[in-house]
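Undergrad:
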Amino acid sequence: MDTIEQIATDPAEAEQGGAPVIAVEDLHKSFGSQHVLDGISLAVKRGETLAVLGRSGTGKSVLLRLIIGLETPDSGSVRIHGQAIAGLALDQLGEIRKKMGFLFQHAALYDSLTVEQNVAFPLQHHKKNMPKSEKADRVRQLLAEVGMEDALAKMPSDISGGMQKRVGLARALALEPDILLLDEPTAGLDPISAAEIDDLVLKLQQEHHMASIVVTHDLHSAKTIANRLALLNRGKVVIEGDFEELQKSDIEFVKEFLKHS
Amino acid sequence: MLSLEARYSLTRFGAKSLLPAAIVFSVIHETGPIITGLVVSGRVGAGIGAELASMKVTEQIDAIEASAVNPYRLLAATRILACILMLPLLTLAADCCGLVMGWITQFMVEPVSLHQFINAGFSGADFNDFLPPTFKTAVFGLIIGLIACFQGMRTQGGAAGVGRAATSSVVLSSLFVILADVVLVKLIILFFP
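The listed protein sequences correspond, in order, to chains A and B.
If you're matching positions, the first sequence starts at 357 in this note's numbering and goes up one per residue.
If you're matching positions, the second sequence starts at 1217 in this note's numbering and goes up one per residue.
#1: Buried or exposed: which applies to Y466(A), given that a residue is buried once 16 or more other Cβ atoms fall within 10 Å of its Cβ?
#2: Let me see if you follow: with CB-CB separation under 8 Å, is D514(A) close to chain B or not?
#3: Sort out for me which residues DSSP pairs A1292(B) with in a bridge.
#4: Flag T1383(B) as yes if its beta-carbon sits less than 8 Å from any beta-carbon of chain A, otherwise no.
#5: Go ahead and pull the three-state DSSP assignment for H391(A).
#6: Which bits of chain B does D467(A) rub up against, with CB to CB less than 9 Å?
#7: Go ahead and pull the three-state DSSP assignment for E596(A).
#8: Determine the chain B residues that contact K454(A) at a beta-carbon separation under 7 Å, and present them in chain order.
#9: Would a C-beta distance cut-off of 8 Å place A463(A) and G524(A) closer than the cut-off?
#10: Does the segment 1283 to 1293 of chain B come within contact of the segment 1339 to 1348 of chain B, defined as at least 3 CB pairs closer than 8 Å?
#11: So, under 8 Å CB-CB, L444(A) and L383(A) are touching, yes? Tell me the CB distance rounded to an integer number of Å.
#12: Where do the N-terminal and C-terminal ends of the beta strand (DSSP E) with D554(A) fall, by residue?
#13: Apply the 10 Å Cβ neighbour rule to E472(A) and answer buried if 16 or more other Cβ atoms are within range, or exposed otherwise.
#14: Going by CA-CA distance only, name the one from E600(A), L449(A), G388(A), M519(A) that's closest to L545(A).
#15: If you run the structure through DSSP and keep just helix, strand and coil, what is P1236(B)?
#16: Taking 8 Å as the threshold (C-beta atoms), are A530(A) and L479(A) in contact?
#17: Rounded to a whole number of angstroms, what is the C-alpha to C-alpha distance between T414(A) and L420(A)?
#18: Roughly how many whole angstroms lie between the Cα atoms of F1343(B) and R1295(B)?
#19: Look up T359(A) in the DSSP assignment and say whether it is helix, strand or coil.
#20: Under the rule that 16 or more other beta-carbon atoms within 10 Å means buried, what is T1307(B), buried or exposed?
#21: Kindly give me the distance between the Cβ atoms of L409(A) and L556(A), rounded to whole angstroms, as I take these residues to be in contact under 8 Å.
#22: Alpha carbons only, please: which of F1241(B), A1269(B), V1240(B) is nearest the one belonging to G1379(B)?
#23: Quick one: what's got a C-beta closer than 7 Å to F1346(B)'s C-beta in the same chain, skipping five residues either side?
#24: Kindly indicate the opening and closing residues of the beta strand (DSSP E) around V1285(B).
#25: Could you compute how far the alpha carbon of G1390(B) sits from the alpha carbon of F1356(B)?
#26: How many angstroms separate the CA atom of G450(A) from the CA atom of A440(A)?
#27: Let me check understanding here. Comparing Cα to Cα, which of K454(A), I607(A), K521(A), A578(A) lies closest to N589(A)?
#28: Among all the DSSP beta bridges, which residues are the ones paired with L587(A)?
#29: When burial is assigned at 16 or more other CB atoms within 10 Å of the CB, is L1301(B) buried or exposed?
#30: Which chain B residues are close to H462(A), counting only those with a beta carbon under 8 Å from its beta carbon?
#31: Consult DSSP for V570(A) and reduce its assignment to one of helix, strand or coil.
#32: My parser needs the alpha helix (DSSP H) runs of 4 or more residues fully inside the segment 431 to 458 of chain A; what are they?
#33: Can you look up A534(A) in the DSSP assignment and give me helix, strand or coil?
#34: From the beta carbon of I424(A), is the nearest beta carbon of chain B less than 8 Å away?
#35: Return no unless some Cβ of chain B is closer than 8 Å to the Cβ of L324(A).
#36: When the Cα atoms are used, what is the spatial distance from I1405(B) to N1286(B)?
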């Protein structure tokens, strides 16, 4: 596993050499007396997709929220492109967040805006010099990429859960991020819609060559879209590796998880 | 109601002719501003509290933050500013409605033209009677906006949390509007005697 020490002084140069884009080191997080994360360390390089698996309530979503700075860790560090995000001012954190796309578990589309306005939201706020027509073209292109070009004028409440996730994905890609964080992209979807989302994530991953973390409890989905898998239990990483390594593992929890997946 | 009650009291003390002035003064000094403040607390406070709470529990506010946009600037600052600007204007509308209703009540008992009623009512009034009480409602707007946004954006716990945020927005903003009114009336009396 890559460690923080491997990150060189110049992040871009370092990443060319294989240094991690996302580096999480000894992360601890508690809510009251409940220790959700208990010393998590992970690293993801450019072009790589890491699937974080585990039972419900093991802190998978909390891990993503810590990486994007929506929660603050009790201890440990999160580094994005070599830059620690702890203690950053909101503006500095904003600059880092512009390089990150986040798909929420329930898509979290703005319910008072249309599909088109949802996808245009990041562009309206961060690409103020971009001409209106160019923004509109970009939104159409993003929606076309996720197969939602016909739903421009629809409200989020008028489209299905799977479609909402597609729109959420288009919104996450609006600023051309080099990091993509996906929280349960296939949860609550029927098998066909889930497979479509998996194919879509895989296609986007191949086209945009991002560093991605996918949180899921769907082993099939994880196998399809990830290069590596990390299995969490009680706030710790039990095992990290490719699917074959998980299959060969003698750890009881890993065997049990694979048996029931 | 004020007109009917005041009429009865003033008639008993032989000061019936002061009724228009009593209505005008009570409406522009206190009734108009405080009723506007309380109505806006109930309607707008609950609306802002519930809307932001709903956005919070559905992770829409997190999504704004994840998009590198400051949700406090985008959602709270704009609503607070709107409350500050709109309260004095709504107070003017409430004052006008109060005065017209006062005249109608007076007219039903003893025919008097609106012109005569207004002339008699405003005969002893100046800008100090009108401007400070009207503009004090900007402070009510600040209080309503701040409390409703705060209650909405710190919500937790799904639909029940949304309900709690709406209720606490109304209760707290109404309470603080009344408390602020006491302080502001004292200050107005001190600085605009």
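Cβ atoms here follow ideal geometry from the backbone N, Cα and C, with glycine treated the same way.
TA: Once the coordinates are examined:
#1: The residue in question, Y466(A), is buried, as its Cβ has 16 or more Cβ neighbours within 10 Å.
#2: Chain B contact via Cβ: absent.
#3: Here A1292(B) is not bridged, per DSSP, to any residue.
#4: No, because no Cβ of chain A sits closer than 8 Å to the Cβ of T1383(B).
#5: H391(A): strand per DSSP, three-state reduction.
#6: Those are S1270, M1271, T1274, Q1276, listed as they occur along chain B.
#7: Correct three-state label for E596(A): strand.
#8: Ordered by position in chain B, the residues that pass the 7 Å Cβ test against K454(A) are A1284.
#9: Taking 8 Å as the Cβ cut-off, A463(A) and G524(A) qualify as a contacting pair.
#10: Verdict: no, contact absent.
#11: Not confirmed; about 16 Å, so no contact.
#12: No beta strand (DSSP E) holds D554(A); the alpha helix (DSSP H) holding it covers 547 to 564.
#13: Residue burial annotation: E472(A) is buried, with at least 16 other C-beta atoms found within 10 angstroms of its C-beta.
#14: For the options E600(A), L449(A), G388(A), M519(A), the alpha carbon positioned closest to that of L545(A) is the one of M519(A).
#15: Correct three-state label for P1236(B): helix.
#16: With contacts defined as CB atoms closer than 8 Å, L479(A) and A530(A) qualify as a contacting pair.
#17: The straight-line gap separating the alpha-carbon atoms of T414(A) and L420(A) is approximately 12 Å.
#18: Taking the straight line joining both Cα atoms gives about 29 Å.
#19: With a pLDDT of 43 at T359(A), under the threshold of 50, the predicted position of this residue should be treated as unreliable, and no value is reported.
#20: Within a 10 Å sphere around the beta-carbon of T1307(B) sit 16 or more other beta-carbons, which makes this residue buried.
#21: The pair is not a contact, with the Cβ atoms about 20 Å apart (cut-off 8 Å).
#22: The shortest C-alpha separation from G1379(B) is found at A1269(B).
#23: Leaving aside the five residues that flank F1346(B) on each side, the residues in its chain whose CB is nearer than 7 Å to its CB run, in chain order, I1244.
#24: In the DSSP assignment, V1285(B) falls outside any beta strand (DSSP E) and carries neither an H nor an E.
#25: The sequence shown places Ser at residue 1390(B), not Gly. One C-alpha to the other measures close to 9 Å.
#26: Near 13 Å, if we compare the C-alpha coordinates of A440(A) and G450(A).
#27: Proximity to N589(A) across K454(A), I607(A), K521(A), A578(A) peaks at I607(A), based on C-alpha coordinates.
#28: L587(A) has L409(A), I595(A) as its beta-bridge partners, per DSSP.
#29: Its Cβ having fewer than 16 others within 10 Å, L1301(B) is exposed.
#30: Contact of H462(A) with chain B by beta-carbon distance below 8 Å involves T1274, E1275.
#31: Strand.
#32: Listed in chain order, the alpha helix (DSSP H) elements of length 4 or more contained wholly in the segment 431 to 458 of chain A are 446 to 453.
#33: Looking at the sequence itself, residue 534(A) is Asp, so the reference to Ala does not match. Three-state result, D534(A): coil.
#34: Closer than 8 Å to some Cβ of chain B, the Cβ of I424(A) qualifies, so yes.
#35: Here chain A has residues from 357 to 617 only, and residue 324(A) is not among them.
#36: Across the structure, I1405(B) and N1286(B) are spaced so that their CA atoms are roughly 40 Å apart.
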